[in-house]
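Undergrad: Numbering (the numbering used here), first residue to last: 24 to 273.
Glycine is no exception: its CB is placed at the ideal position from the N, C-alpha and C atoms.
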Amino acid sequence: MNFYDLPKEKREELVKKIETDIEQNLENDEYKNIYKYSSDSDTYIRKNAYIALGRIYQKHDDLRDEILHLLDEMIKMEDEKIRQTSVYTLGEIGKIDAAKILKIFPKALEDESSSVRNAVIGSLKQMCLKNPEPTLQFARKYLHHPNPEVRREMIHGIELRGRTHPEEVIPFLVELQDEENQKVRNTIIHVLGQISYKKGCLELVIAALKNWENRKLVHEALKEIVEVHKRYKFAYKSPQEARNYINVNF
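1) Please classify residue 114 as buried or exposed, where buried requires at least 16 neighbouring CB atoms within 10 angstroms.
2) Could you tell me whether the segment 142-162 touches the segment 171-187, using the rule of 3 or more Cβ pairs below 8 Å?
3) What is the residue span of the alpha helix (DSSP H) that residue 64 lies within?
4) Throw me the rounded Cβ distance for the residue 49 and residue 90 pair, which I believe falls under 8 Å.
5) For residue 223, which of helix, strand or coil comes out of DSSP?
6) Roughly how many angstroms separate the alpha carbons of residue 219 and residue 137, rounded to a whole number?
7) When the Cα of residue 172 is compared with those of 260, 133, 32, 191, which residue comes out closest?
8) What three-state label does DSSP hand residue 54 in the structure shown?
9) Could you tell me the alpha carbon to alpha carbon distance between residue 159 and residue 117, rounded to whole angstroms?
10) Hey, how far is the Cα of residue 129 from the Cα of residue 239?
11) Under the rule that 16 or more other beta-carbon atoms within 10 Å means buried, what is residue 60, buried or exposed?
12) When burial is assigned at 16 or more other CB atoms within 10 Å of the CB, is residue 270 buried or exposed?
13) Among the residues of its own chain, which have a CB less than 7 Å from the CB of residue 262, if the five just before and after it don't count?
14) According to DSSP, simplified to helix, strand and coil, what is residue 73?
15) Per DSSP, what kind of secondary structure is residue 84 in: helix, strand or coil?
16) Mind checking which residues open and close the alpha helix (DSSP H) that includes residue 244?
17) Look at the alpha carbon of residue 230 and the alpha carbon of residue 34, and state the distance between them as a whole number of angstroms.
18) Along the chain, where does the alpha helix (DSSP H) that runs through residue 30 open and close?
19) Tell me which residues share the same chain as residue 258 and place their Cβ nearer than 6 Å to its Cβ, disregarding the 5 neighbours each side in the sequence.
20) So for residue 200, helix, strand or coil by DSSP?
21) Could you spell out where the alpha helix (DSSP H) holding residue 206 opens and where it closes?
22) From the DSSP output, in three-state form, read off residue 95 for me.
23) Nearest CA to the CA of residue 41: which residue from 63, 103, 52?
24) Need the endpoints of the alpha helix (DSSP H) that residue 165 sits in, please.
25) State yes or no: is the C-beta of residue 38 within less than 8 Å of the C-beta of residue 71?
26) Can you give the Cα-Cα distance for residue 108 and residue 135, rounded to whole angstroms?
27) Consult DSSP for residue 129 and reduce its assignment to one of helix, strand or coil.
Following this line, the structure appears as structure tokens:
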């Protein structure tokens, strides 16, 4: 039975059991249950496993080194679900202690599994939201990586920070304005749309785009910005207001 097939009380009991089992495994240097939950076919079981590991890391100073060592081993394992869970756990820890996990994190950047690479993006997003300075420094280090998939992960991973602080993310995007890989290019356009719809953000994005040299990419981004304002009913400006602002100021 899957996690959300259970009634609410049973789900709450299972969440407590997962955390208790994982904590006991760590205290006894025996990781059977950690591997079991981390490789479960149910996404939400795995999610509760990595949330539990992150919570235990915060609560127990004496278990931190052991957890980091375990995650370093998990990220090399054959089972992609275990590797994925490891990356998401690193993201949970990175919200408060980025320096420790960023030594392990690069091992996942070029993982053969798309689910693991997507976990990299998801973890970077959460870390950048909660602990932006070291996460942005990490992203900059890999911004011009020869593997386009890694470049895409970095750009997508800083998106959430850009929604509230576009001025911190735009310098990363402008460096890749001449990107030739279509997936990376599409991600840049996507992120420009995503960092434009909150109060005061459209003005910052448009002011920056006026100075970009790659006019073709700029015009694609302007179209995406208007589309985002259409899709998001909660955008600060209406689609027409966004379009008018672009027409007047660009």
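TA: Reading from the atomic positions:
1) buried
2) Judged by Cβ distances under 8 Å, the segment 142-162 makes contact with the segment 171-187, as three or more pairs qualify.
3) Counting along the chain, residue 64 falls outside any alpha helix (DSSP H), and DSSP gives it neither H nor E.
4) Residue 49 to residue 90, Cβ: 7 Å. Contact.
5) coil
6) 28 Å
7) 133
8) coil
9) 12 Å
10) Their Cα atoms are separated by approximately 33 Å.
11) buried
12) exposed
13) 249, 252, 253
14) helix
15) helix
16) 238-254
17) Answer to the nearest angstrom: the Cα atoms are 49 Å apart.
18) It is not in any alpha helix (DSSP H) - residue 30 carries neither H nor E in the DSSP assignment.
19) Once the five neighbours on either side are set aside, the close Cβ partners of residue 258 are 220, 252.
20) Residue state, collapsed to three classes: coil.
21) 205-217
22) Residue 95 falls in the helix class under three-state DSSP.
23) 63
24) Element bounds for residue 165: n/a, residue is neither H nor E.
25) yes
26) The straight-line gap from Cα to Cα measures roughly 15 Å.
27) helix
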